[in-house]
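**Student:** I'd like to ask some things about the structure below.
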Amino acid sequence: MSERVKQIVPDLIEAVRNVLRDHKVTFDEYRAGFGYMIGVQEAKEIPLLLDALLNSTIVEIENQTRGGTKADIQGPYYLDENYPLVTKALAVRPEDADAEDMIIRGCVTDLAGQPVSGAEIDIWHSTPDGLYSGIHDNIDRKYYRGRVLTDADGHYSVTSKTPVAYQIPNQGPTGELLEKHLGRHSWRPAHIHFWVRCVGKRDLINQAYFEGGDYVGNDCCETDHLDLVVPKIYENGKRVMQVNFVLEPAYTISAG
Ligand code: MBD
Ligand code: FE
Numbered sequence: 007m008s009e010r011v012k013q014i015v016p017d018l019i020e021a022v023r024n025v026l027r028d029h030k031v032t033f034d035e036y037r038a039g040f041g042y043m044i045g046v047q048e049a050k051e052i053p054l055l056l057d058a059l060l061n062s063t064i065v066e067i068e069n070q071t072r073g074g075t076k077a078d079i080q081g082p083y084y085l086d087e088n089y090p091l092v093t094k095a096l097a098v099r100p101e102d103a104d105a106e107d108m109i110i111r112g113c114v115t116d117l118a119g120q121p122v123s124g125a126e127i128d129i130w131h132s133t134p135d136g137l138y139s140g141i142h143d144n145i146d147r148k149y150y151r152g153r154v155l156t157d158a159d160g161h162y163s164v165t166s167k168t169p170v171a172y173q174i175p176n177q178g179p180t181g182e183l184l185e186k187h188l189g190r191h192s193w194r195p196a197h198i199h200f201w202v203r204c205v206g207k208r209d210l211i212n213q214a215y216f217e218g219g220d221y222v223g224n225d226c227c228e229t230d231h232l233d234l235v236v237p238k239i240y241e242n243g244k245r246v247m248q249v250n251f252v253l254e255p256a257y258t259i260s261a262g
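And the structure:
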């Protein structure tokens, strides 16, 4: 890693310096930028800001070497913990009982089209009013998060409630930059997050989007990998999100 740091950081600094030179940035502007970054830190928005501005580029780079389903950004609200194993349903907040029912299901296959059984899929998404459990409004982290396993045929299926287009927190410095200074908006299309893991396969972090939904293709986080825009299908009044994943083999990192 430290070799990489030695290679990357000087280039990064030089690239920033060139922007400062090109725009003849003044000391006042330098100080304003400095103050902005302190504000980002104080608002605890470093992950949010970096996700909004840079994460999609890392995904773009990763996808250049990816076979099978392309990846998407992770987002800031994955909880780094063991997700509860669920077999049928993600836990639904009681007050969301009347929100639209959703079935998330699909199959996992390898590059040859063979089913991958025993894959673990962490699934997380917002409440029907756009909040993440464990993050916002003291919503218990057990809601709308779970780990499912694919069966012998590579299939998984779990019920939940349909999320909506999501406005990233816009009262802080990230929202101010996007909306006030850059003339952008702070909305993401409704989405479901996935992290697929299986022994011998390359991990896949992904998101599924709802066909025809607001902000699909116009995401404030600039995701442009939209392979997983899922057709609008209903079964017995339930929105069906058929989300299939093709996993490539894990590659091994050789030393040196
Ligand atoms: C989210 O829910 C999200 O998925 C991303 C990428 C950024 C902010 C909030
Ligand atoms: Fe999200």
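Residue numbers (this note's numbering): 7 to 262.
In this text, a Cβ means the ideal position worked out from N, Cα and C, and glycines have one as well.
1. If I follow the unbroken beta strand (DSSP E) through glycine 112, where does it start and stop?
2. Comparing the CB of serine 132 with every heavy atom of ligand 2, is any distance shorter than 8 Å?
3. Looking at the structure shown, is alanine 196 part of a helix, part of a strand, or coil, going by DSSP?
4. Is the beta carbon of histidine 199 within less than 8 Å of some heavy atom of ligand 3?
5. Could you pull out every residue in the same chain whose Cβ sits closer than 6 Å to the Cβ of phenylalanine 216, ignoring the five residues on either side in sequence?
6. Just checking glycine 81 against ligand 2 - is the residue's beta carbon closer than 8 Å to any of the ligand's heavy atoms?
7. Quick one: is lysine 5 buried, meaning 16 or more other Cβ sit within 10 Å of its Cβ, or exposed?
8. Between the stretch 51 to 60 and the stretch 105 to 116, can you find at least three pairs of beta-carbon atoms closer than 8 Å?
9. In angstroms, rounded to a whole number, what distance separates the CA positions of valine 202 and leucine 184?
10. Leaving out five residues on either side along the sequence, give the residues of the same chain with a beta carbon under 7 Å from the beta carbon of proline 175.
11. Roughly how many angstroms lie between the CA atoms of alanine 64 and glycine 81, to the nearest whole one?
12. Assuming valine 170 and aspartate 135 are in contact, meaning their beta carbons sit under 8 Å apart, how far apart are those beta carbons, in whole angstroms?
13. Among Asn242, Arg194, Gln177 and Glu254, which residue has its Cα nearest to the Cα of glutamine 213?
14. How would you label phenylalanine 200, buried or exposed, when you count the other beta carbons within 10 angstroms and need 16 or more for buried?
15. Could you give the residue range of the beta strand (DSSP E) that holds valine 154?
16. Could you pull out every unbroken alpha helix (DSSP H) segment of at least 4 residues lying fully inside the stretch 43 to 71, listed in chain order?
17. If you measure from the CB of alanine 125, is any heavy atom of ligand 1 nearer than 8 Å?
18. Under the three-state reduction of DSSP, which class applies to glutamine 248: helix, strand or coil?
19. Assuming the contact rule is C-beta atoms closer than 8 Å, glutamate 254 and glycine 73 should be a hit. Round their C-beta distance to whole Å, please.
20. Please indicate yes or no: does the CB of aspartate 159 lie closer than 8 Å to some heavy atom of ligand 1?
21. At the level of alpha carbons, what is the spacing between proline 237 and methionine 247?
22. Quick one: what's got a C-beta closer than 7 Å to leucine 210's C-beta in the same chain, skipping five residues either side?
**Tutor:** Based on what the coordinates show:
1. Within the sequence shown, the letter at position 106 stands for residue 112. Taken as a continuous stretch (DSSP letters only), the beta strand (DSSP E) holding glycine 112 covers 107 to 116.
2. Walking along the sequence shown from the start, residue 132 turns up at place 126. Yes - ligand 2 has a heavy atom lying nearer than 8 Å to the Cβ of serine 132.
3. Within the sequence shown, residue 196 is the residue found at index 190, counting from 1. It is coil, neither helix nor strand.
4. Judged by which ligands are present, ligand 3 is missing from the structure shown, whose ligands are ligand 1 and ligand 2.
5. Locating residue 216 in the sequence shown gives position 210, counting from the first residue. Closer than 6 Å at Cβ, skipping near neighbours: Ala196.
6. Along the sequence shown, one-based indexing puts residue 81 at 75. Result yes, Cβ under 8 Å from ligand 2.
7. Absent from the structure is residue 5, since the part of the chain shown begins at 7 and ends at 262.
8. no
9. Indexing the sequence shown from 1 puts residue 202 at position 196. Indexing the sequence shown from 1 puts residue 184 at position 178. The straight-line gap from Cα to Cα measures roughly 31 Å.
10. Indexing the sequence shown from 1 puts residue 175 at position 169. Here the set comprises Leu54 and Gly181.
11. The residue given as residue 64 occupies position 58 in the sequence shown. The residue given as residue 81 occupies position 75 in the sequence shown. Before going on, a small fix: residue 64 reads as isoleucine here, not alanine. Roughly 12 Å separates the two Cα atoms.
12. Locating residue 170 in the sequence shown gives position 164, where the first residue counts as 1. Locating residue 135 in the sequence shown gives position 129, where the first residue counts as 1. With 8 Å as the limit, valine 170 and aspartate 135 qualify as a contact, their Cβ atoms being about 7 Å apart.
13. Here residue 213 refers to the residue found at position 207 of the sequence shown. Of the candidates Asn242, Arg194, Gln177 and Glu254, the one whose C-alpha sits nearest the C-alpha of glutamine 213 is Arg194.
14. Taking the sequence shown and counting its residues from 1, the one referred to as residue 200 is at position 194. Its Cβ being crowded by 16 or more others within 10 Å, phenylalanine 200 is buried.
15. As a working mapping, residue 154 is identified with position 148 in the sequence shown. From DSSP, the beta strand (DSSP E) with valine 154 extends over 151 to 155.
16. 52 to 59 and 61 to 69
17. Position 119 of the sequence shown holds residue 125. No - ligand 1 has no heavy atom lying nearer than 8 Å to the Cβ of alanine 125.
18. By 1-based counting over the sequence shown, the position of residue 248 is 242. It is a strand residue.
19. Looking up residue 254 in the sequence shown gives position 248. Looking up residue 73 in the sequence shown gives position 67. Their Cβ separation, rounded to whole angstroms, is 4 Å, which keeps glutamate 254 and glycine 73 in contact under 8 Å.
20. On the sequence shown, residue 159 is found 153 positions in, with the first residue counted as 1. Because no heavy atom of ligand 1 lies under 8 Å away, the Cβ of aspartate 159 does not count as near it: no.
21. Taking the first residue of the sequence shown as position 1, residue 237 is located at position 231. Taking the first residue of the sequence shown as position 1, residue 247 is located at position 241. When rounded, the distance between both Cα atoms is 8 Å.
22. The count along the sequence shown starts at 1 and reaches residue 210 at position 204. Thr75, Ala77, Val202, Phe251 and Leu253, listed in sequence order.
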